[in-house]
Amino acid sequence: MSHILSIQSHVAFGHVGNRAAVFPLQRLGHEVTAINTVQFSNHTGYGSWTGEVFSAAHIEDVVTGLEKLGVLDTVDGLLTGYLGDPAIGQIILDLLDRLPAGVKWLCDPVMGDVGRGFFVRPGIPDYFRDRALARAGIITPNQFELEFLTDMTIATLGDAREAARRAHAMGPEIVLVTSLIHDQTADTEIQMLASSKAGHQFLVSTPRLPLDPAPNGAGDCTSALFLGHILSGASLDTALSKTASSIFALFQKTRAAGRRELALIAAQDDFAHPAAQTVTAL
264 MSHILSIQSH VAFGHVGNRA AVFPLQRLGH EVTAINTVQF SNHTGYGSWT GEVFSAAHIE
324 DVVTGLEKLG VLDTVDGLLT GYLGDPAIGQ IILDLLDRLP AGVKWLCDPV MGDVGRGFFV
384 RPGIPDYFRD RALARAGIIT PNQFELEFLT DMTIATLGDA REAARRAHAM GPEIVLVTSL
444 IHDQTADTEI QMLASSKAGH QFLVSTPRLP LDPAPNGAGD CTSALFLGHI LSGASLDTAL
504 SKTASSIFAL FQKTRAAGRR ELALIAAQDD FAHPAAQTVT AL
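This is the structure we're talking about:
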């Protein structure tokens, strides 16, 4: 069992941010301490919501409280996602120096998506590209985010592989590209690419289910599961296989439920005991 500090958004209703990350990690057997960067009534995909983005001072206050309790000394992994405010990014960078040496930081650079463009405050994309990548051990960008981070267009699988290598050159040991679609991707499938700085790259394909509207929070759940498997000692290809299997099962159950929100509770056994998913070494 590892202890993971997760700093992400929070919603009262639905499953995004910490609400999509904490429970899956707990089902994998990990202890999770959660700090919420925002508290909204619901995720922003609905078009309207209430609540507020917490200030950087508020986040720092919570971190300091945890430090005084000795909680930070026991952390094995750091998981971050939607920030809300660019100033929170600096707090995360400072936090790394207060955590034990060797803590794995999985940075999910949440900032936009294909078809939507950027949906975060100005300054956050630049923070991820210019400051976070140099210190993150693992990043989990979607295709749109990886294109921005590496300043290249991804049209082919070769492009995606090269973009991952460019990202490695900026710092991260592991790159997980989610929601990957290129010129050879079938209309009925979607892919994820896992890449290591050592040169190993793996691809997994799963059926693309007709979910309309597409549920929010899948990326948050993906990042959490992937980090959980890595911290449990899984190899890169095994972590990719287990993560892809669990997320596909989650989508299946979400579709069966006919709801907009991820069927997180219904899929909990698929998190703890994922079926085998074929992974291709590139």
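Here the sequence shown is numbered in this note's numbering, starting from 264 and rising by one per residue. Virtual Cβ for every residue (Gly too), placed ideally from N, Cα, C.
Exercise. What residues in its chain sit with their C-beta under 6 Å from that of residue 484, if we drop five residues either side in the sequence?
Worked result: By one-based count along the sequence shown, residue 484 stands at place 221. Cβ neighbours of residue 484 beyond the five flanking positions: 283 and 287.
For this session: Note down the Cα distance separating residue 519 from residue 363, rounded to an integer number of angstroms.
Result: The residue you call residue 519 lines up with position 256 of the sequence shown. The residue you call residue 363 lines up with position 100 of the sequence shown. As the crow flies, the alpha-carbon of residue 519 is around 43 Å from that of residue 363.
For this session: For residue 305, name the three-state secondary structure that DSSP assigns.
Result: The count along the sequence shown starts at 1 and reaches residue 305 at position 42. Coil, per DSSP.
Exercise. Helix, strand or coil for residue 486 per DSSP?
Worked result: As a first step, residue 486 must be located in the sequence shown, where it is residue number 223. Judged by DSSP in its simplified three-state form, residue 486 adopts helix.
Exercise. Name the DSSP bridge partner or partners of residue 299?
Worked result: As a first step, residue 299 is located in the sequence shown; it is residue number 36 there, counting from the start. Per DSSP, 271.
Problem set entry | Cβ distance (whole Å) where residue 525 is taken to contact residue 467 below 8 Å | As a first step, residue 525 is located in the sequence shown; it is residue number 262 there, counting from the start. As a first step, residue 467 is located in the sequence shown; it is residue number 204 there, counting from the start. Going by Cβ atoms, the distance from residue 525 to residue 467 rounds to 20 Å, so no, they are not a contact pair.
Exercise. Quick one: what's residue 367 bridged to in DSSP?
Worked result: The residue labelled residue 367 in the question sits at position 104 within the sequence shown. 340, per the DSSP bridge assignment.
Exercise. Assuming residue 328 contacts residue 367 under a Cβ cut-off of 8 Å, what Cβ separation, rounded to an integer in Å, is found between them?
Worked result: Translated into positions along the sequence shown, residue 328 becomes position 65. Translated into positions along the sequence shown, residue 367 becomes position 104. No, residue 328 and residue 367 are not in contact; Cβ-Cβ is about 23 Å, not under 8 Å.
Exercise. Would you call the region 507-523 and the region 312-331 touching, i.e. three or more CB-CB distances under 8 Å?
Worked result: With a cut-off of 8 Å, the region 312-331 and the region 507-523 do not count as touching, because too few Cβ pairs lie within range.
Exercise. Taking the alpha carbon of residue 352 as the point to measure from, which residue in 385, 410 and 433 has its own alpha carbon closest?
Worked result: Position 89 of the sequence shown holds residue 352. Cα-wise, what sits closest to residue 352 is 385.
Problem set entry | Runs of beta strand (DSSP E) wholly within the region 455-517 (minimum 3 residues, chain order) | Counting only runs of 3 or more, we get 464-470.
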